[in-house]
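Each remark here refers to the structure printed beneath this line.
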Amino acid sequence: MTLYMIGLGLNDEKDISLKGLEAVKECDYVFLEGYTSRLNVSLERLENFYGRAIVLADREMVENNSDQIINKAAASNVAFLVVGDIFSATTHIDLFLRAKEKGIQIEMIHNASILTAVGSVGLELYKYGKTTSMPFFEPSFEPETPYDVIKMNLKNGLHTLVLLDIKPDRFMSVNHALAQLLEIENRRKEKVISEKTGVIGCARLGSRNQLIKYGSVHELLDFDFGGPLHCLIIPGKLHFMEEEMLRFWEINQSD
Ligand SMILES: C[S@@+](CC[C@H](N)C(=O)[O-])C[C@H]1O[C@@H](n2cnc3c(N)ncnc32)[C@H](O)[C@@H]1O
């Protein structure tokens, strides 16, 4: 029997590939990894479209109790659905390795990821440095890693993709991420980012109402990007064609 690891793409139930859909329909159990990213549609809509009941797999189940998923694949076909692509950003290599250890057959079915969808902004994908994640600050938890990563990438002339935190009841906006970056800058004072820095905010990439805006931190701090999901890009050294592309997204330009 087979464990199918299937990417769902970025927006709605119809972004699954035909190969992915056929595989889901072959499966007796369907799990959806539901904590690292999300689609813009409800679980019910997915269930109706795929014709299968879906179990929402939380972090605890995937990272600490993956046997619940893997053991089923010993005797049945199991689908493990991941929003975006299966091994992008958050990797599910642990699940893969554990299933392999148990001699489970695995089939991987890929899809679009945020890591490639940012290509639509027009910055050369080959010129991104390390990707970083911005968590919600909490009392006594204000990690400065995103700041350090941006600093290192800028030093090397590279662009930085900043992925933003998701909690069960909220998601981080571009505005919130920028405010937190300025907070770190105020502490560190290493001139990595200021209100004048040009940055790109993206929302709902891959959907019909996706939004990309380029402007200074000051301009983007109050701009309303609308519903989830959002991410942020800090450009490094720009080629003239990248500059030309960014002009399309300038915040003070009418759409
Ligand atoms: C862990 S990553 C996504 C990993 C996923 N497996 C993939 O391949 O896209 C989740 C973060 O990426 C960003 N993101 C994901 N989808 C997005 C979208 N459609 N538009 C904008 N940002 C997105 C958000 O910052 C979100 O919190």
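Under this note's numbering, the first residue of the sequence shown is numbered 2, with each subsequent residue one higher. Backbone N, C-alpha and C fix where the C-beta goes; we use that ideal spot for every residue, glycine too.
So if DSSP puts residue i in a beta bridge, which residue, or which two residues, is it bridged to?
{"i": "residue 134", "result": "164"}
{"i": "residue 231", "result": "204"}
{"i": "residue 80", "result": "5 and 31"}
{"i": "residue 24", "result": "The partner list for residue 24 (beta bridge, DSSP) is empty, contrary to what the question assumes."}
{"i": "residue 99", "result": "Paired residues: none, contrary to the question."}
{"i": "residue 120", "result": "The partner list for residue 120 (beta bridge, DSSP) is empty, contrary to what the question assumes."}
Select from the options the residue whose C-alpha is nearest the C-alpha of residue i.
{"i": "residue 229", "options": "210, 217, 244 and 86", "result": "210"}
{"i": "residue 9", "options": "27, 182, 72 and 89", "result": "89"}
{"i": "residue 44", "options": "192, 183 and 14", "result": "14"}
{"i": "residue 107", "options": "99, 114 and 113", "result": "99"}
{"i": "residue 1", "options": "32, 49, 78 and 42", "result": "Residue 1 is absent from the model: the chain starts at 2 and stops at 256."}
{"i": "residue 101", "options": "254, 111, 72 and 84", "result": "72"}
Quick check: residue i and residue j, are their CB atoms within less than 8 angstroms of each other?
{"i": "residue 91", "j": "residue 37", "result": "yes"}
{"i": "residue 153", "j": "residue 131", "result": "yes"}
{"i": "residue 34", "j": "residue 58", "result": "yes"}
{"i": "residue 219", "j": "residue 173", "result": "no"}
{"i": "residue 206", "j": "residue 121", "result": "yes"}
{"i": "residue 214", "j": "residue 221", "result": "yes"}
{"i": "residue 22", "j": "residue 51", "result": "yes"}
{"i": "residue 237", "j": "residue 158", "result": "yes"}
{"i": "residue 28", "j": "residue 66", "result": "no"}
{"i": "residue 193", "j": "residue 155", "result": "yes"}
{"i": "residue 182", "j": "residue 148", "result": "yes"}
Looking at the unbroken alpha helix (DSSP H) that takes in residue i, where does it start and where does it end?
{"i": "residue 50", "result": "44-51"}
{"i": "residue 241", "result": "241-249"}
{"i": "residue 254", "result": "From DSSP, residue 254 is part of no alpha helix (DSSP H); its letter is neither H nor E."}
What are the boundary residues of the beta strand (DSSP E) that residue i is part of?
{"i": "residue 215", "result": "212-217"}
{"i": "residue 56", "result": "56-58"}
{"i": "residue 62", "result": "Here residue 62 belongs to no beta strand (DSSP E), and DSSP marks it neither H nor E."}
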